[in-house]
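One structure below.
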Amino acid sequence: MDGFNLRHLALAVALSTGMGTAFAATSNDFVDNAAAGGIAEIETSKLALEKSSSADIKAFANMMIKDHTEANAELKALANKHDIEVPDDTTLVKQAKEKILDMRDESFDAAYANNQVKAHEETIALFKKEAETVTDDKKAGATELKGFAQKMLPALEKHLTAAKELQAKHPSK
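Under mature numbering (1 follows the signal peptide of the UniProt record, and there is no 0), the letters of the sequence shown match residues -24 to -1, 1 to 149, in that order.
Set out below in C-alpha cells:
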C-alpha cells in the first residue's frame, strides 16, 4: 500500500478533528467535531462509490452516506433548536474535497477500509466523551446533546465492526 494514498484519504476524515477547532469560539465543540466528521464520512464514501469496484465497499459507503446524512440532519436540528452555531456544510465539503482530489486509484479499497476503522475509532471516542459528560443544564442543549451522543453510539459501534470486516477483506499490500 502506498503510504501517500492512505495519508491523503486519512486527511479527509481527519478534518473532523482539525476543522472543529476553527469554529470552537462561536459554537459547541462537540457539535462542530461531530458535524465535520459526518461531512468527511459522507465525502470519502461518495469517493468510494466512484473509485471502488468492490460490492462490499460500495454497500458500506452507501450505509455511511445514509447514516451520516441522517445523523448530521438530526444534530443540526438539535443545534438550531438551542441556537448553537453549526459549521457551514459548503465550506466543510469544499475542504474535504480539496484533501481527497489527489487520491490515486491503486489500493483504494484497502485505504478506504483502513481509514474507516481509524475514523470510527476517533468518532466513537468523541461521542463517548460527550455521552459520559456531566451536563450543565445552563449550557444550551447540553442534556439533549448528551442524549444524542448516547443514542448514536450503538450505530457507530456497528459501523466500526463493519469497517473492521472490510479491512480484513481488503488488506494493505
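From the three backbone atoms N, C-alpha and C, an ideal C-beta is built for every residue, glycine too.
With a threshold of 8 Å on Cβ separation, who are the neighbours of residue 140 within its own chain once the five nearest residues in sequence on each side are excluded? Cβ neighbours of residue 140 beyond the five flanking positions: 93.
Kindly confirm or deny that the segment 120 to 128 and the segment 51 to 69 touch, where touching means at least three C-beta pairs closer than 8 Å. Yes: at least three Cβ pairs fall under 8 Å.
Span separating the alpha-carbon of residue 26 from that of residue 48: Roughly 22 Å separates the two Cα atoms.
Touch check for the segment 99 to 107 and the segment 5 to 19: three-plus C-beta pairs under 8 Å? Taking 8 Å as the limit for Cβ pairs, the verdict is that the segment 5 to 19 does touch the segment 99 to 107.
Using only the alpha-carbon positions, how far apart do residue 96 and residue 148 sit? When rounded, the distance between both Cα atoms is 18 Å.
Taking just the CA atoms, how far does residue 85 sit from residue 136? Looking at the two C-alpha atoms, the distance is approximately 16 Å.
Name the two residues that bound the continuous alpha helix (DSSP H) containing residue 21. Where residue 21 is concerned, the enclosing alpha helix (DSSP H) stretches over 5 to 27.
Closest to residue 63 by C-alpha separation, out of 42, 115, 10, would be which residue? Comparing alpha-carbon positions, the option among 42, 115, 10 lying closest to residue 63 turns out to be 10.
9 Å Cβ cutoff met for residue 90 and residue 20: Result no, Cβ atoms of residue 90 and residue 20 do not sit closer than 9 Å.
Answer yes or no: does any C-beta atom of chain B fall closer than 9 Å to that of residue 19? This model lacks chain B altogether, as it is built from one protein chain only.
Classify residue 130 as buried or exposed, calling it buried when 16 or more other Cβ atoms lie within 10 Å of its own Cβ. Around the Cβ of residue 130, a 10 Å sphere holds fewer than 16 other Cβ atoms; the residue is exposed.
Three-way DSSP call (helix, strand, coil) for residue 85 in this model: Here residue 85 sits in helix by DSSP.
If residue 32 and residue 145 are in contact, beta carbons under 8 Å, what's the gap, nearest whole angstrom? That belief holds up - the Cβ atoms of residue 32 and residue 145 are roughly 6 Å apart, short of 8 Å.
Thinking C-beta only, is residue 12 closer than 9 Å to residue 185? Since the first residue shown for the chain is -24 and the last is 149, residue 185 is missing from the structure and cannot be characterised.
Whole-number beta carbon distance between residue 60 and residue 117, since they are thought to touch under 8 Å: Right, their Cβ atoms sit about 6 Å apart.
Grouping DSSP H, G and I as helix and E and B as strand, with all else coil, what is residue 109? Residue 109: coil per DSSP, three-state reduction.
Out of curiosity, what's the CA-to-CA distance linking residue 132 and residue 43? When rounded, the separation of the alpha-carbon atoms in residue 132 and residue 43 is 9 Å.
Since residue 127 is in the alpha helix (DSSP H), which residue starts that stretch and which ends it? Per DSSP, residue 127 belongs to the alpha helix (DSSP H) from 118 to 145.
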